[in-house]
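Chemist: Convert by adding 6 to the 1-based position in the sequence shown; the result is the number in my numbering. Heads up, the beta-carbon is just placed ideally off N, CA and C, and yes, glycines get one too.
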Amino acid sequence: MMIKHTFDDPLKECGGFLYGSVFKEDDSVYCDVDAIYYEKRFGNDHEFTFGFTYIRNAYKAEKIVGHKLIGTYHSHGTYPAVFSDIDRNNLQKYFGENKITIVYSPKYSHLVGEFLDEDKKSYKAKILTKK
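1. Under the rule that 16 or more other beta-carbon atoms within 10 Å means buried, what is His52, buried or exposed?
2. Which residues share a DSSP beta bridge with Ala131?
3. Would Leu75 pass as a contact of Phe23 if the rule is Cβ separation under 8 Å?
4. Would you list the residues sitting across from Ile42 in a DSSP beta bridge?
5. Pull the bridge partners of Glu31 from the DSSP assignment, please.
6. Sort Lys113, Tyr43, Phe89, Cys20 by Cα distance to Leu122 and report the nearest one.
7. Residue range of the alpha helix (DSSP H) that Thr59 falls in?
8. Could you say which of Lys113, Val118, Ile106 lies nearest to Lys126 if we only look at CA atoms?
9. Taking the alpha carbon of Ala41 as the point to measure from, which residue in Phe48, Ser27, Glu124 has its own alpha carbon closest?
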């Protein structure tokens, strides 16, 4: 659903929220995504802002999806899927520690993720899909 959402308007950035659990095992951190929430909101070709109302709705959706909010995703439209300082700052500013952010580029079919821990240290995420 996350990737499908980015193709609703692949020339513009969009974003949504990830729900599930975060756990540590064997000196690694795992983010198990069980559900997503998104609204038909789009930015322009180089920027997407979640905004207060969207974030509030995402926290309300925790009860509906039955899982904890663990992060966000957003698209980079026609640009490569790379993390910018703005992406990292938004993760820290709006969502705090122990959260993941995934960036997807519809143009390049590329997906990257980063995880922010409780010490505000950022780690590249290895993204796996469930069968």
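Modeler: According to the structure shown:
1. exposed
2. Gly119
3. yes
4. Residue pairing by DSSP puts Ile42 in a beta bridge opposite Leu24.
5. Ser34
6. Phe89
7. 58-71
8. Ile106
9. Ser27
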